[in-house]
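Each remark here refers to the structure printed beneath this line.
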Amino acid sequence: MNALGAVAQSGWPAAEHTPLLLAVILLAALGTLVLFLIGLAVFARRRSPRYLLVLIALGALVFRTAIGLGTVFSYVPMTLHHLLSHGLDFLIAVAILAAAYLSGPSTPGSADD
Numbered sequence: 001m002n003a004l005g006a007v008a009q010s011g012w013p014a015a016e017h018t019p020l021l022l023a024v025i026l027l028a029a030l031g032t033l034v035l036f037l038i039g040l041a042v043f044a045r046r047r048s049p050r051y052l053l054v055l056i057a058l059g060a061l062v063f064r065t066a067i068g069l070g071t072v073f074s075y076v077p078m079t080l081h082h083l084l085s086h087g088l089d090f091l092i093a094v095a096i097l098a099a100a101y102l103s104g105p106s107t108p109g110s111a112d113d
């Protein structure tokens, strides 16, 4: 059976039929993990609520990628995948907007940036 046949029968191809998808998710996992580690180093240096919110957003991206890998390997059902992924999308958006809000107008002589 070819990849299209697998998709037609199950609605979601098995991992062996999706090398490109697997490669993209693995690259995303590596990239988001590197960004999270950089964010962790920045937060350790700055120790402010804004940087914590950015770190939370980056951590959610790492977790979101792990959910994608779990779905490809059939550990996470598609319904749960959508529920968790869209929930994390919302968390990421809230964390970024909260960090931007906390930035606010800077006051002269502020030592926080």
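In this text, residue positions in the sequence shown follow UniProt numbering: the first is 1, and each later residue adds one.
Beta carbons: idealized from backbone N, C-alpha and C, even for Gly.
Since we're looking at a predicted model, the values are computed, not measured.
Supposed contact pair residue 88 and residue 63 - C-beta distance, whole angstroms, cut 8 Å: By 1-based counting over the sequence shown, the position of residue 63 is 63. By 1-based counting over the sequence shown, the position of residue 88 is 88. Contact holds; Cβ gap of about 6 Å.
Proximity of residue 92 and residue 57 at Cβ, strictly below 8 Å: If you number the sequence shown from 1, residue 92 lands on position 92. If you number the sequence shown from 1, residue 57 lands on position 57. Against a cut-off of 8 Å, the Cβ pair of residue 57 and residue 92 comes out as a contact.
Own chain residues within Cβ distance below 7 Å of residue 40, not counting five before or after: Stepping through the sequence shown from its first residue, residue 40 is reached at position 40. Closer than 7 Å at the Cβ level, and outside the excluded window around residue 40, lie 55.
Beta-carbon proximity check, residue 69 vs residue 23, cutoff 8 Å: In the sequence shown, counting from the first residue as 1, residue 69 sits at position 69. In the sequence shown, counting from the first residue as 1, residue 23 sits at position 23. Their beta carbons are not under 8 Å apart, which means residue 69 does not touch residue 23 by this criterion.
Close-in-space but distant-in-sequence residues of the same chain around residue 115 (CB under 7 Å, 5 per side omitted): One cannot answer for residue 115 here, as it falls past the ends of the chain, which runs 1 to 113.
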